[in-house]
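Protein sequence lines correspond, in order, to chains F and S. Under the working numbering, think of the first position of the first sequence as 16, with each following residue one higher. Under the working numbering, think of the first position of the second sequence as 4, with each following residue one higher. C-beta atoms are modelled at their ideal positions from N, C-alpha and C, and glycine is treated no differently. Reading through the C-alpha cells given below for one structure.
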Amino acid sequence: MALPKRQTDIGPPHYEKFLPPVIKKNYGKWKYHEVLTPGTMVHVAESGDKIFTVRAASPRILSTATIREISELAEKYCDGYLRFTTRNNIEFLLSDESKMKPLLAELKEKKYSVGGIGPRVSNIIHTQGWVHCHSACTDASGIVKAVMDELHDYFTTKELPNKVRLAVACCVNMCGAVHCSDIAVVAVHRKPPVVDHAMVTKSCEIPTTIGSCPTAAIRPNPKDKSITINEERCMYCGNCFTVCPPINIHNPEEDGVAIVVGGKIGSLRTDPKFSKLAIPFIYNDPPRWPKVVDAIKNILETYAKHAKKHERVGEWIERIGWESFFKLTGIQFTFQHIDDFTFMRDTLRTSAAFKY
Amino acid sequence: MSGKHKTPMLDELEKGPWPSFVTEIKKASKTSSMPNMADDELGQVEKSYRTKRGYWKHGGIVGVLGYGGGVIGRYSSLPEEFPGVAHFHTVRLNQPSGFFYTAEALKMICDIWDKYGSGMTNVHGSTGDLVLLGTTTEHLETIFAEYSSRGWDLGSSGSAMRTPSCCVGQARCEWSNINSMDICNELTQHFQDQMHRPSFPYKFKIKVSGCACDCVAAIARADCSIIGTWKGNIQIDQAEVKKYADAGMDIQKEIIEMCPTNCMSYKNSQIKIADAECNRCMHCIAKMTKALRPGKEKGATILIGSKAPIVVGSLLSWVVVPFIKCEAPYTELTEMIEKIIEWWDDNAKPRERIGELIEVKGMRPFLEAIGVPPQPQQVFEPRKDPFFFWSEGDLERK
Ligand code: SF4
Ligand code: SF4
Ligand code: SF4
Ligand code: SF4
Numbered sequence: 016m017a018l019p020k021r022q023t024d025i026g027p028p029h030y031e032k033f034l035p036p037v038i039k040k041n042y043g044k045w046k047y048h049e050v051l052t053p054g055t056m057v058h059v060a061e062s063g064d065k066i067f068t069v070r071a072a073s074p075r076i077l078s079t080a081t082i083r084e085i086s087e088l089a090e091k092y093c094d095g096y097l098r099f100t101t102r103n104n105i106e107f108l109l110s111d112e113s114k115m116k117p118l119l120a121e122l123k124e125k126k127y128s129v130g131g132i133g134p135r136v137s138n139i140i141h142t143q144g145w146v147h148c149h150s151a152c153t154d155a156s157g158i159v160k161a162v163m164d165e166l167h168d169y170f171t172t173k174e175l176p177n178k179v180r181l182a183v184a185c186c187v188n189m190c191g192a193v194h195c196s197d198i199a200v201v202a203v204h205r206k207p208p209v210v211d212h213a214m215v216t217k218s219c220e221i222p223t224t225i226g227s228c229p230t231a232a233i234r235p236n237p238k239d240k241s242i243t244i245n246e247e248r249c250m251y252c253g254n255c256f257t258v259c260p261p262i263n264i265h266n267p268e269e270d271g272v273a274i275v276v277g278g279k280i281g282s283l284r285t286d287p288k289f290s291k292l293a294i295p296f297i298y299n300d301p302p303r304w305p306k307v308v309d310a311i312k313n314i315l316e317t318y319a320k321h322a323k324k325h326e327r328v329g330e331w332i333e334r335i336g337w338e339s340f341f342k343l344t345g346i347q348f349t350f351q352h353i354d355d356f357t358f359m360r361d362t363l364r365t366s367a368a369f370k371y
Numbered sequence: 004m005s006g007k008h009k010t011p012m013l014d015e016l017e018k019g020p021w022p023s024f025v026t027e028i029k030k031a032s033k034t035s036s037m038p039n040m041a042d043d044e045l046g047q048v049e050k051s052y053r054t055k056r057g058y059w060k061h062g063g064i065v066g067v068l069g070y071g072g073g074v075i076g077r078y079s080s081l082p083e084e085f086p087g088v089a090h091f092h093t094v095r096l097n098q099p100s101g102f103f104y105t106a107e108a109l110k111m112i113c114d115i116w117d118k119y120g121s122g123m124t125n126v127h128g129s130t131g132d133l134v135l136l137g138t139t140t141e142h143l144e145t146i147f148a149e150y151s152s153r154g155w156d157l158g159s160s161g162s163a164m165r166t167p168s169c170c171v172g173q174a175r176c177e178w179s180n181i182n183s184m185d186i187c188n189e190l191t192q193h194f195q196d197q198m199h200r201p202s203f204p205y206k207f208k209i210k211v212s213g214c215a216c217d218c219v220a221a222i223a224r225a226d227c228s229i230i231g232t233w234k235g236n237i238q239i240d241q242a243e244v245k246k247y248a249d250a251g252m253d254i255q256k257e258i259i260e261m262c263p264t265n266c267m268s269y270k271n272s273q274i275k276i277a278d279a280e281c282n283r284c285m286h287c288i289a290k291m292t293k294a295l296r297p298g299k300e301k302g303a304t305i306l307i308g309s310k311a312p313i314v315v316g317s318l319l320s321w322v323v324v325p326f327i328k329c330e331a332p333y334t335e336l337t338e339m340i341e342k343i344i345e346w347w348d349d350n351a352k353p354r355e356r357i358g359e360l361i362e363v364k365g366m367r368p369f370l371e372a373i374g375v376p377p378q379p380q381q382v383f384e385p386r387k388d389p390f391f392f393w394s395e396g397d398l399e400r401k
C-alpha cells in the first residue's frame, strides 16, 4: 500500500480552521463574560453576539472512543466546534443557546462531570506516572482520580473563596505547574540511589554523570571504572539516574509523595509564588492513596473555612502566617520544612514578631 | 471484560464520579487494531500498583526521517510479560493554537491512531502537544505520512525549541492584550527547524498569555514567557460599576481594599483609579469585567528563565523587556527572541536552561547581548551589597 506523501516542517494547522464562525466574526472584540453555572459561561461581543461554553472534565488520558464521542456531541450541539483548556477540560462551544440544555442533559446521561468554572477546584494538572514514564515514583493518574472523586462537589457545585489549582507530579522533574499550584502533590525519593557498577562502566559517560549531581555527591571510582556516591551529600533528586540509568534511584518501599501548598501563577493582587512544603512525606498507597486524599481535603477545607473572599491559598497563608497555617491544619512541622538548600537565606525568620 | 490481565486494583479506579483513566485504557483496547497494547499497558500498570514501582526503560532514540524530535521512544522493562508494550513510543502532534478543533479533525486523528497505535492519547501533554501514547517503531513513518499529508505536523522533544503554546486569548477572552494565538502560531511556524532538529543546549519553551492572569502558566513553565499588558488608564464604565453595586457586590471590600497598590477609591457609586500607581495586576478587571477594561495601548512583557526545580531549585521568569509592541507580523518580538536564544546557545553548557545560565553569568552580559538597557521594572529592589562590578566602559563615563 502506497503511503500518502509526507510533508515536513509544515507546523500545526492554522487555528482559524477550527474557530466557530461567531468567534471568527468577533475575534478580539469580546466585551465581557458571565459565569452562568459552575460548568457554563457566556461571552458577549461588542456586536452583541454570544458564544456559550460548556465545560466538562476529562481524565487527560483519553481513548479514541471517547474523543469520537465528544466529537459527535460537538457535531450534534455545536456545529462540530470544541476546544480543550490548558487544564485538560473539554469545552463545547455553542452559538445557539437553545442547544445548551439538551447538551447538558446528554452529558449528564453519559456521566460526564460538568463544572470547574469560577471559584472552584478545576481539573488537576498532572503527569504520566507509572502509565508511561521511566522516572515516576508514583502514579499521577491514580492520585488524580482518587482526589477528584473525593472533591467532586468542589468541581461541580460548591464554591470556594477563589479558584484552587491542584497539580500532581510523579517525580521532582515536575512536568506540570506543581511548583506554582495552590495545592500539589510531588513524588519524592528518600534514599540515595544504588549503583550497578558493571552497568555504569558499560553504559554511562562518567564525567557527565559526575557533572549531573547538583550537590557534588558523585566522585569517580577508578577501581570499579564507575562512580561512588557520597550518601551524606545526596538529596535524592535523581538527576544522576536520568543521565545514567544503572544508578537506580527507585526504592518502592521508601518512595512516596510530598504535599506542597500556596503557589500561584497570575499577578492578581499578589505576585506569582512558588508552592512551599506542607507535608514532607506520605507513603504510596495505591489504588486510592487515602492519606493523600485526606491531607488535600483537610488543607482545602481549612482554607475554605478561614480565607477571605478572593484570597488564593497562598495569599491566605501569607496573611495569617505559616505558623498559623500549621496550627489551623494540624500538620506537623518537621526538620524537612526548614530550607537547607538554595532558598535558606530567604526563608529563615529574621524578626521576633510572630504568632503562636 | 476484554482484558487478558486481571486488574483488581485498577478496576477499583473505575468507581466514583470522576472520569476514569482506567476506563479509557480499556476502551482503547476495543478500537485499536492492536488491542494487546492497551491490554498489556493495563497489565503492566496493575503490576506497578501492586509493587509500587514503574516498569519503563529510559527513552530510546526513535523518530521519523529528517526529524530529531517529536517522537519519544519508550520500552517496557518487562517485554516478555507484557509484549504489547515492548515498544510503546509516544508521538507528539503539534496542537493548533488555543486547542481549538473541529469534530472532523479529531475523528480523523482518531482513525489513524486506531490503525497504527494503541488508541490511547493525552489531550494534551504538559507542553501542549496532542500526545498519542503507544506505537511501535515500524509504524512511525506511516503515522507521520498519514498525519503530515493531512496538514498535521509533529511537535518537538529533546534539546530543541519545544512546541509553543498559548491561552485562548482574543478568540474568546475580553482581557487579551495581544493576539496570543496568532503569536503562538507565527512563532511555531518561524521556529520549525529548531523544533524538529534539536541543536540547542537543552529545551527551550515559549508560552504566550494574553494578560497577567496567565492561563498557560507562562511565568512558571516557559524559558520565554510572553505576557500581554497595557499602558495608559484602565477604562471605567461607571454605569456598570453601579450595576455591580446594585447586584450586591461589596466594592469597597472586594475591590478597593484588595487592590495591591491602594490606587483605587470608591465614592458616590463611582470608582476612581490613580492609574500612575496601578501595577496592572488584573484583580479589579477580573472581578468587574463589565465595568473595567484594560488601557488602550497594548503590548507584552517578556520574561525569561522559568523552570521546574531540577536541579538547583525552581525559577519563575524574570522581567527582561517590560513592554514590547506585538502586532503582526511580530518582527520586533521574533528578533528579540532570536537574540535571546543566540546568547544562550553560544554560552550554555549541555543541559543548562537559560535561567540557570543567567544565574551563572549574571543579568548584565545577557541584557547587553540582547541590547536591552537596565530598568527598575526588571527588579523588585536594587542590590543590597556593595560588591558590584565596573566595566571599562562604565569608568570612562565622566
Ligand atoms: S514528573 Fe517525572 S515521572 Fe512524571 S512524567 Fe515528568 S519526568 Fe516522568
Ligand atoms: S540523586 Fe541527585 S544528589 Fe543524589 S547522587 Fe544523584 S544527582 Fe546527586
Ligand atoms: S491569560 Fe488572560 S487573556 Fe489569556 S485567556 Fe487567560 S484571562 Fe484571558
Ligand atoms: S489592576 Fe490591580 S493594581 Fe491596578 S487598579 Fe486594579 S486592582 Fe489595583
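1) Check the Cβ-Cβ distances between GLY26 (chain F) and every residue of chain S, and say whether any is below 8 Å.
2) Going by the CB atoms, is the gap between ASN313 (chain F) and THR344 (chain F) shorter than 8 Å?
3) So with CB distances below 7 Å, who are the chain F contacts of ARG147 (chain S)?
4) SER168 (chain S) and LYS210 (chain S) look like a contact to me (Cβ under 8 Å); what is the Cβ gap, rounded to whole Å?
5) Over the uninterrupted beta strand (DSSP E) stretch that includes VAL325 (chain S), give me the two end residues.
6) At 8 Å on the CB atoms, spell out the chain S contacts of ILE76 (chain F), in chain order.
7) Listed in chain order, which residues of the stretch 42 to 64 of chain F have Cβ atoms closer than 7 Å to some Cβ of chain S?
8) Give every residue whose Cβ lies closer than 7 Å to any heavy atom of ligand 2, listed in chain order.
9) Where do the ends of the beta strand (DSSP E) carrying SER128 (chain F) lie?
10) What residue ranges within the stretch 34 to 110 of chain S form continuous beta strand (DSSP E) runs of no fewer than 3 residues, ordered along the chain?
11) Give every residue of the same chain whose Cβ lies closer than 6 Å to the Cβ of ASN188 (chain S), excluding the five residues on either side of it in the sequence, and list them in chain order.
12) Just to confirm before moving on: does the CB-CB distance between ASP197 (chain F) and VAL146 (chain F) stay below 8 Å?
13) For GLY316 (chain S), name the three-state secondary structure that DSSP assigns.
14) Could you pull out every residue in the same chain whose Cβ sits closer than 7 Å to the Cβ of ALA31 (chain S), ignoring the five residues on either side in sequence?
15) Distance check for GLY396 (chain S) and SER212 (chain S), CA to CA, integer angstroms please.
16) Relative to the C-alpha of THR54 (chain S), which residue among F:GLU268, F:HIS204, F:ARG234 and F:HIS48 is closest?
17) When the cut-off is 8 Å and only beta carbons count, does THR357 (chain F) lie next to chain S?
18) Using only the heavy atoms of ligand 1, determine whether one of them is closer than 7 Å to the beta carbon of ASN125 (chain S).
19) If you measure beta-carbon to beta-carbon, which residues of the stretch 359 to 392 of chain S are closer than 8 Å to chain A?
20) Which of the three DSSP states, helix, strand or coil, is assigned to LEU34 (chain F)?
21) Since CYS252 (chain F) and VAL314 (chain S) are thought to touch, with beta carbons under 8 Å apart, how far apart are those beta carbons, to the nearest angstrom?
22) How close, in whole Å, do the beta carbons of TRP59 (chain S) and HIS141 (chain F) come, if the pair is a contact with beta carbons under 8 Å?
23) I think VAL203 (chain F) touches ALA273 (chain F), with their Cβ atoms under 8 Å apart; what is that distance to the nearest whole Å?
24) Say the cut is 7 Å; is the CB of SER178 (chain S) nearer than that to a heavy atom of ligand 3?
25) With distances taken Cα to Cα, identify the nearest neighbour of PRO28 (chain F) among S:ASP132, S:LEU13, S:LYS299 and S:VAL65.
26) If distances are taken between C-alpha atoms only, which option among S:GLU260, S:LEU13, S:CYS214 and S:GLU243 comes closest to ALA303 (chain S)?
27) Let me make sure I understand the geometry here. Which of S:ILE361, S:ILE340 and S:GLU341 has the alpha-carbon closest to that of ASN350 (chain S)?
28) Under 8 Å between the Cβ atoms of ILE186 (chain S) and CYS329 (chain S)?
29) Identify every residue that forms a DSSP beta bridge with ASN125 (chain S).
30) Between the alpha carbons of THR140 (chain S) and HIS61 (chain S), how many angstroms are there, rounded?
31) Can you find a CB in chain S that lies within less than 8 Å of the CB of MET304 (chain F)?
32) Could you check what DSSP says for CYS227 (chain S) in three-state terms: helix, strand or coil?
33) I want to know whether the stretch 159 to 177 of chain S touches the stretch 99 to 115 of chain S - three or more CB-CB distances under 8 Å.
34) Please identify, using Cβ separations under 9 Å, the residues of the stretch 126 to 139 of chain F that lie next to chain S, in order along the chain.
35) Just reading off the alpha helix (DSSP H) that LYS160 (chain F) is part of, what are its end residues?
36) Please find out if some non-hydrogen atom of ligand 3 comes closer than 7 Å to the beta-carbon of CYS227 (chain S).
Here's the rundown:
1) yes
2) yes
3) The residue you asked about is not Arg; residue 147 (chain S) is Phe in the sequence shown. Residues of chain F passing the Cβ test: ARG21.
4) 6 Å
5) The identity of residue 325 (chain S) in the sequence shown is Pro, whereas the question assumes Val. If you look at PRO325 (chain S), you'll find it in the beta strand (DSSP E) that goes 321 to 327.
6) PHE24, GLU27, ILE28, MET123, THR124, ASN125 and LEU136
7) TYR42, GLY43, TRP45, LYS46, TYR47, HIS48 and HIS58
8) F:PRO207, F:PRO208, F:SER227, F:CYS228, F:PRO229, F:THR230, F:ALA232, F:ILE233, F:ILE244, F:ARG248, F:CYS249, F:MET250, F:TYR251, F:CYS252, F:GLY253, F:ASN254, F:CYS255, F:PHE256, F:ILE262 and F:ILE264
9) According to the DSSP assignment, SER128 (chain F) belongs to no beta strand (DSSP E), since it is labelled neither H nor E.
10) 93 to 96 and 103 to 105
11) Within the same chain, ASN188 (chain S) has close Cβ partners SER100.
12) The answer is no: Cβ separation not under 8 Å.
13) coil
14) ALA41, SER121, GLY122 and MET123
15) 38 Å
16) F:GLU268
17) Output row for THR357 (chain F): interface = yes.
18) no
19) Reference to chain A is not applicable here, since the protein chains of this structure are F and S.
20) coil
21) 6 Å
22) Actually they are not in contact, since the Cβ atoms of TRP59 (chain S) and HIS141 (chain F) sit about 17 Å apart, beyond 8 Å.
23) Yes, VAL203 (chain F) and ALA273 (chain F) are in contact; Cβ-Cβ is about 5 Å, under 8 Å.
24) Before going on, a small fix: residue 178 (chain S) reads as Trp here, not Ser. At least one heavy atom of ligand 3 is nearer than 7 Å to the Cβ of TRP178 (chain S), so yes.
25) S:ASP132
26) Ranking S:GLU260, S:LEU13, S:CYS214 and S:GLU243 by CA distance to the CA of ALA303 (chain S) puts S:CYS214 first.
27) S:ILE361
28) Contact: yes.
29) F:ILE76 and S:VAL134
30) Distance between THR140 (chain S) and HIS61 (chain S), taken at the CA atoms: about 16 Å.
31) It is Trp, not Met, that sits at residue 304 (chain F) in the sequence shown. Cβ-Cβ to chain S under 8 Å: no for TRP304 (chain F).
32) If DSSP states are grouped into helix, strand and coil, CYS227 (chain S) belongs with the strands.
33) yes
34) LYS126, TYR127 and SER128
35) Note, LYS160 (chain F): alpha helix (DSSP H), 155 to 165.
36) no
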